[in-house]
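Novice: Quick one: the structure is below, and I'll ask about it shortly.
Residue numbers (full-length UniProt numbering): 1 to 276.
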């Protein structure tokens, strides 16, 4: 497990490109038969990529959590962005088709991951944050997610937000998670931009080929920076930072949030004319 410390907005103004990427970008999330975890001290969120091919992978707490098992004091959400897989929670199997999601609450002890076909391995993208109460396991396929159409063709940001872990879909302690899909011809997300001091966010960009990228915008509204993102890379967004992106082609992204509340509209909007 890699540990990332929180970054002060006053310091980030002076970061080089390499330093920005070192602090906020998460690469190489999906490698064969491996669990890649990054623990951020920003709201103590854990971002992970699990890609079982020939082996079954087991979620372990590790010394970093000082816990008997991973979900002893945590909750988690997971969306499968690869081939068909199976998640087993304390002996109960959950078949995970591509784009299926699942919420697993605090107190579940043994969680394992495997692929059905090694030639088309599952890719499980996981977000986890501290929890104070145990809620039931909920399997959420993309058809059960709440659909929120947004944007327009004229503004190059026509998209659908699929809310998987969200108060209007199911209960969790503080974790929210979903998948936003841009329509062909659109390339902007979350613009006009906003911040939300009550919670942080992590984006995973996906559905891009190797010739396309997303320019992820971050930083304070008056001190914006960008990170060039490639397919299946994630980026940590502190609560003081904007989190917009523009791609060279349409793409999708998974968002995960944790913090003080789960109100989707609890944000501080920024007019585009005020960005710098």
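Built from N, CA and C at the ideal position, the CB exists for glycine as well.
(1) Could you give the DSSP three-state label for residue 268: helix, strand or coil?
(2) What are the boundary residues of the alpha helix (DSSP H) that includes residue 304?
(3) Pull the bridge partners of residue 81 from the DSSP assignment, please.
(4) Around the C-beta of residue 213, are 16 or more other C-beta atoms found within 10 angstroms, so that it is buried, or is it exposed?
(5) Per DSSP, which one or two residues make a beta bridge with residue 126?
(6) Using only the alpha-carbon positions, how far apart do residue 10 and residue 197 sit?
(7) What does the alpha-carbon distance come out to for the pair residue 177 and residue 5?
(8) Using a 10 Å radius around the Cβ and a threshold of 16 neighbouring Cβ atoms, would you call residue 14 buried or exposed?
(9) What are the boundary residues of the alpha helix (DSSP H) that residue 139 is part of?
(10) Using the rule of at least 16 other Cβ atoms within 10 Å of the residue's Cβ for burial, across every protein chain shown, is residue 153 buried or exposed?
(11) When the Cα atoms are used, what is the spatial distance from residue 224 to residue 92?
(12) May I have the straight-line CA-CA distance separating residue 234 from residue 26, to the nearest angstrom?
(13) Which one or two residues does DSSP pair with residue 187 in a beta bridge?
(14) So does the region 90 to 104 actually touch the region 71 to 78, counting three or more Cβ pairs closer than 8 Å?
(15) Would DSSP call residue 65 helix, strand or coil?
(16) Please indicate yes or no: does the CB of residue 68 lie closer than 7 Å to some heavy atom of the ligand NAP?
(17) Need the endpoints of the beta strand (DSSP E) that residue 38 sits in, please.
(18) Hey, out of 252, 245, 270, whose CA is closest to residue 226's CA?
(19) Nearest-angstrom Cα distance between residue 190 and residue 174?
(20) What are the residues that DSSP puts in a beta bridge with residue 179?
Specialist: Taking the coordinates as given:
(1) Counting from 1 along the chain shown, the entry for residue 268 is found at position 268. If DSSP states are grouped into helix, strand and coil, residue 268 belongs with the strands.
(2) With the chain running from 1 to 276 in the structure shown, residue 304 is simply not present.
(3) Mapped onto the chain shown, residue 81 falls at position 81. In DSSP, residue 81 forms no bridge with anything.
(4) For the purposes of this step, residue 213 is identified with residue 213 of the chain shown, where counting begins at 1. Buried, by the Cβ-count rule.
(5) Numbered from its first residue, the chain shown carries residue 126 at position 126. According to DSSP, residue 126 shares a beta bridge with 48, 78.
(6) Taking the chain shown and counting its residues from 1, the one referred to as residue 10 is at position 10. Taking the chain shown and counting its residues from 1, the one referred to as residue 197 is at position 197. Their backbone Cα atoms lie some 16 Å apart in a straight line.
(7) For the purposes of this step, residue 177 is taken as residue 177 along the chain shown, with counting starting at 1. For the purposes of this step, residue 5 is taken as residue 5 along the chain shown, with counting starting at 1. Their backbone Cα atoms lie some 22 Å apart in a straight line.
(8) One-based indexing of the chain shown puts residue 14 at position 14. By the 10 Å Cβ count, residue 14 comes out exposed.
(9) By one-based count along the chain shown, residue 139 stands at place 139. That residue, residue 139, is in no alpha helix (DSSP H); its beta strand (DSSP E) goes 138 to 140.
(10) Position 153 of the chain shown holds residue 153. Its Cβ having fewer than 16 others within 10 Å, residue 153 is exposed.
(11) Residue mapping note: residue 224 aligns to position 224 of the chain shown, counting from 1. Residue mapping note: residue 92 aligns to position 92 of the chain shown, counting from 1. Cα-Cα distance, rounded: 46 Å.
(12) Looking up residue 234 in the chain shown gives position 234. Looking up residue 26 in the chain shown gives position 26. About 5 Å.
(13) The sequence position of residue 187 within the chain shown is 187, counting from 1. DSSP output for residue 187 lists no bridge partner at all.
(14) Counting C-beta pairs with one atom in each stretch, the region 90 to 104 and the region 71 to 78 have three or more that are closer than 8 Å, which means they touch.
(15) As a position in the chain shown, residue 65 is number 65, starting the count at 1. For residue 65, the secondary structure class from DSSP, reduced to helix, strand or coil, is helix.
(16) This structure lacks the ligand NAP, and indeed carries no ligand of any kind.
(17) Here residue 38 refers to the residue found at position 38 of the chain shown. Per DSSP, residue 38 belongs to the beta strand (DSSP E) from 34 to 40.
(18) Against the chain shown, residue 226 aligns to sequence position 226. The option with the nearest alpha carbon to residue 226 is 245.
(19) Numbered from its first residue, the chain shown carries residue 190 at position 190. Numbered from its first residue, the chain shown carries residue 174 at position 174. Near 21 Å, if we compare the C-alpha coordinates of residue 174 and residue 190.
(20) Stepping through the chain shown from its first residue, residue 179 is reached at position 179. Answer is 162, 254.
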